[in-house]
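Following: one structure in structure tokens, then a few remarks.
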DNA sequence: CTGAAAGCGCTAACAG
DNA sequence: CTGTTAGCGCTTTCAG
């Protein structure tokens, strides 16, 4: 691919002594519709190819009010869960001839709103949003006709936007049940970001599992809630271990939180599962190779990402009728060896 | 942030009975230079704010030939190493008011070339490229004046482009030396993608360390070379174990390769470090918590990403003189417990 | 079968 | 202190 210095329609038209219009028509596949002579058509497409012509997307976007680009807003691209989703969005978009503009919101609603405003001003044709999940006012606009959007991972009960997520409630219930059935009675939740839908659903799953088994709900075992990050898992575990010597099991609400918990447990010289059991939400490859291969609630993030692009493009370029709604995928409970049988 | 339906300069100008030019001047901070009356200025900026006006980047880009956007090309965003770099690039770009267009090249030179052509056609102001590293012909254009670019992780000896990477040779040498000093004589390299600069430098480091200790170089211990992926680490380890029962240590040329090796070793019921030792290039948080906390060569990927954006914007918006060149950051050898002392 | 003209929204040169 | 004009590159009437 030699470096051709980006030609324009006009230049091609001039060289061939035809009008820009004609060139435009040919190059956008409208030759037949306008019954352009084979001769002109051939000459034009040949020259275009020779010059490696690509229509200027800025000019095109300005005129068409379509940019062939979509936005992708992610709370933290370095979290492998989101990176996995991002990958699928990137591939799916390219497959359809779209570019993706990436925004990292750093789990900050302000930055998220700013990102969306930016994407809107850039005239993207749609947005895949993994929202921070704490506020949704800035998303109101999307409910109406407006800009196509798909929410991933976190959603809002009062906002009927297409959404792709997993069945967090069942996932957490499976995990908690497993712990209870193995004899655990003092199970602590290492929460993610309090107020976000996955966190609340997981919490509900946990609570329901306890209720099912007629176990008391001890609020002081529900800790954390500031973030899904590694630091949060670490700190909360440290405090928890100090305050509650009776805890026998942890349920981490995210892979980074589990990692933080691991670090804290190592510092305290606690062995898994002999001294304490742990289950993590969101499987990652390495979890199978830990000192104690970790039992986890697997989230199918590749499918989540793929489904998200599909739903988005169903709105962007409706094939027939756009299927709104979205989907709640099942989680997959993977039992490894991080839980000790107590009874 | 209420949904204002995206105004234009013209509309503001009409409402205030002034020219578009005046509005443009005021809104681009040139009021003083053109000595625009406080009254007009105030009225305009007020109305603009009320309408939440943002200049249309497409129109702006078309006119100015600047888009306030940069491209980011990554071989695999789901590899935590690259995700870490991507994060810093995204943050650094936003900080400077730039958007980033993300392309995943899937470790395919063809897709990489395509991505670059796309970015060029989209008139990005610069590119951060983590090249596949096998071919560089499509990068020739960047050597001249052209589009600002920074290479990250992999580079080309015959292409003098600004580059940010680590000292792979020393890193691999440290690791190999460590193995040798612990009595290992049959050390296998699980290569990454053969022909890419990090792979070749690491290989050289390995070879030099052997030479230093007057150990013979056994080519059949150098396996893999198809990819930096998990699958490659798995397959190659499987084959290796079959062919060479005398191997006592592995040097994995990437975090995903190490993960694959781990999977293979687990299947073969080999314990680390009792049965086999392993060191991985590219530290990741979880490596500290494996059954055998893994000794690794740490790459400062956050700094790499930050440095890359810095170098890029030094070219995009030169502060004084753009410092070309780039940087080779040192690696950090972290000794954990995946290597057994044999002597 | 082809083209001229207008306009998407913005800015810069040239004029006052 | 302000405005007119032209044009970035493209598509789309409207008019042959």
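Residue numbers (the numbering used here), protein chains in the order written: chain A, 1 to 343; chain B, 1001 to 1343.
The beta carbon of each residue, even a glycine, is placed where N, CA and C say it ideally should be.
Values in this document were obtained by computation on a predicted structure and should not be read as measured data.
Close Cβ partners of residue i (< 8 Å) along its chain, the five nearest in sequence each way excluded
i: residue 289 of chain A; result: none
i: residue 1197 of chain B; result: 1133, 1154, 1155, 1156, 1157, 1165 and 1168
i: residue 334 of chain A; result: 283, 295, 296, 297 and 298
i: residue 216 of chain A; result: 210
i: residue 97 of chain A; result: 68
i: residue 310 of chain A; result: 92
Neighbourhood of residue i by C-beta distance below 6 Å, restricted to the same chain and skipping five residues each side
i: residue 1222 of chain B; result: 1189
i: residue 1071 of chain B; result: 1101, 1119, 1124 and 1127
i: residue 339 of chain A; result: 182, 273, 277 and 295
i: residue 230 of chain A; result: 256, 259 and 260
i: residue 99 of chain A; result: 69
Distance between residue j and residue i (C-alpha atoms, nearest Å)
i: residue 225 of chain A; j: residue 232 of chain A; result: 8 Å
i: residue 1183 of chain B; j: residue 287 of chain A; result: 30 Å
i: residue 19 of chain A; j: residue 1060 of chain B; result: 26 Å
i: residue 296 of chain A; j: residue 336 of chain A; result: 8 Å
i: residue 1199 of chain B; j: residue 1218 of chain B; result: 17 Å
i: residue 111 of chain A; j: residue 76 of chain A; result: 12 Å
i: residue 1105 of chain B; j: residue 269 of chain A; result: 43 Å
i: residue 149 of chain A; j: residue 107 of chain A; result: 19 Å
i: residue 55 of chain A; j: residue 1147 of chain B; result: 19 Å
i: residue 280 of chain A; j: residue 1248 of chain B; result: 33 Å
i: residue 1022 of chain B; j: residue 121 of chain A; result: 22 Å
i: residue 1058 of chain B; j: residue 65 of chain A; result: 10 Å
i: residue 1291 of chain B; j: residue 292 of chain A; result: 7 Å
i: residue 1282 of chain B; j: residue 316 of chain A; result: 40 Å
i: residue 253 of chain A; j: residue 301 of chain A; result: 15 Å
i: residue 210 of chain A; j: residue 78 of chain A; result: 34 Å
i: residue 1013 of chain B; j: residue 1067 of chain B; result: 24 Å
i: residue 195 of chain A; j: residue 26 of chain A; result: 54 Å
i: residue 227 of chain A; j: residue 151 of chain A; result: 19 Å
i: residue 1187 of chain B; j: residue 1176 of chain B; result: 8 Å
i: residue 1234 of chain B; j: residue 81 of chain A; result: 22 Å
i: residue 5 of chain A; j: residue 1007 of chain B; result: 34 Å
i: residue 213 of chain A; j: residue 204 of chain A; result: 14 Å
i: residue 1084 of chain B; j: residue 1206 of chain B; result: 26 Å
Opening and closing residue of the alpha helix (DSSP H) in which residue i lies
i: residue 1180 of chain B; result: 1168–1181
i: residue 1044 of chain B; result: 1038–1051
i: residue 1061 of chain B; result: 1057–1064
i: residue 1027 of chain B; result: 1020–1027
i: residue 135 of chain A; result: No alpha helix (DSSP H) holds residue 135 of chain A; DSSP gives it neither H nor E.
i: residue 1009 of chain B; result: 1009–1016
Buried or exposed (CB count within 10 angstroms, at least 16 for buried), residue i
i: residue 243 of chain A; result: exposed
i: residue 239 of chain A; result: exposed
i: residue 35 of chain A; result: exposed
i: residue 1341 of chain B; result: exposed
i: residue 178 of chain A; result: buried
i: residue 1201 of chain B; result: buried
i: residue 1267 of chain B; result: exposed
i: residue 1103 of chain B; result: buried
i: residue 263 of chain A; result: buried
i: residue 1275 of chain B; result: exposed
i: residue 1001 of chain B; result: At residue 1001 of chain B the pLDDT is 40, less than 50, meaning the model places this residue with poor confidence; the figure from the coordinates comes in the next sentence. The residue in question, residue 1001 of chain B, is exposed, as its Cβ has fewer than 16 Cβ neighbours within 10 Å.
i: residue 192 of chain A; result: buried
i: residue 1347 of chain B; result: No answer is possible for residue 1347 of chain B: the residues shown for chain B start at 1001 and end at 1343.
First and last residue of the uninterrupted beta strand (DSSP E) at residue i
i: residue 1156 of chain B; result: Taken as a continuous stretch (DSSP letters only), residue 1156 of chain B belongs to no beta strand (DSSP E), as it is neither H nor E.
i: residue 70 of chain A; result: 69–74
i: residue 127 of chain A; result: 126–129
i: residue 1333 of chain B; result: 1332–1334
i: residue 329 of chain A; result: 326–329
7 Å CB neighbourhood of residue i in its chain, flanking five on each side removed
i: residue 43 of chain A; result: 16
i: residue 331 of chain A; result: 166, 167, 170, 171, 297, 298 and 299
i: residue 1113 of chain B; result: 1138
i: residue 24 of chain A; result: 9
i: residue 328 of chain A; result: 165, 166 and 167
i: residue 1115 of chain B; result: 1073, 1103 and 1105
### Message
In chain order, what are the residue ranges of uninterrupted beta strand (DSSP E) at least 3 long that sit wholly in the stretch 273–322 of chain A?
### Response
Runs of the beta strand (DSSP E) inside the stretch 273–322 of chain A: 277–281 and 295–298.
### Query
Can you give, in chain order, each stretch of the beta strand (DSSP E) that sits fully within the stretch 176–258 of chain A and has at least 3 residues?
Listed in chain order, the complete beta strand (DSSP E) runs (minimum 3 residues) inside the stretch 176–258 of chain A are 187–191, 222–224 and 249–252.
### Message
For a minimum of 4 consecutive residues, which ranges assigned as the alpha helix (DSSP H) are wholly contained in the stretch 1071–1122 of chain B?
### Response
Counting only runs of 4 or more, we get 1080–1095 and 1109–1121.
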